[in-house]
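Using the numbering used here, you'd call the opening residue of the sequence shown number -13 and step up by one each time.
A short worksheet on the structure shown next.
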Amino acid sequence: MTVEDDSASRSWFAARRGSGKPKRSADAVLQQRQGSPVVPPSSDIEEYYSRAYSQIKDHARMEAYRDGILRYQSLISGKVVLNIGCGTGILAVFCALAGATRVYAIDESTLAVRVGEVVKENNLSDRMTVLLGRVEVHLYFVII
């Protein structure tokens, strides 16, 4: 399981948008990212967590999500799943349990750090990667 932060990459994208500053190589950005501490985004984590927690407590909703994913397990098994805006990570976990080969769970909230702990606690680290930050930044590095 990996939890990554994208603050170093944001400055790289700003340079690429034509601010006149020299562009940094992807290798330089990745090297800086590996040593960067996890910095919480500027969103209100308390409000976000409160909404996410109330949804998780809705057992009927969670059972419907789980049942729906497991009902279509044949479409998920052996595939790679990208859960953008994973929140609590519950849907990503359901996909991993349904047999996805690899699950990427991405969220800009620091709640992603807790998702990483849940992944470890459920022994899913071999199939799940949790990314903290903006999806646009992480996908750029996955594609290249």
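Don't be surprised by glycine CBs; every beta carbon is placed ideally from N, CA and C.
Quick caveat, the model's predicted, so the values are computed rather than measured.
Evaluate residue i with the Cβ neighbour count: other Cβ atoms within 10 Å of its Cβ, from every protein chain shown; 16 or more gives buried, anything less gives exposed.
i    : result
Y58  : exposed
V116 : buried
E103 : exposed
G119 : buried
S63  : exposed
L61  : exposed
Per DSSP, what are the beta-bridge partners of residue i in this structure?
i   : result
V99 : V99 pairs with nothing; no bridge assigned.
Identify whether residue i lies in helix, strand or coil by the three-state DSSP scheme.
i    : result
A91  : strand
L83  : helix
L56  : helix
L61  : helix
L68  : strand
L117 : strand
K43  : coil
L110 : coil
Should residue i and residue j be called a contact, given that it needs their Cβ atoms to be closer than 7 angstroms?
i   : j   : result
A84 : I55 : yes
A91 : N69 : yes
R47 : A82 : no
A86 : V67 : yes
G71 : D44 : no
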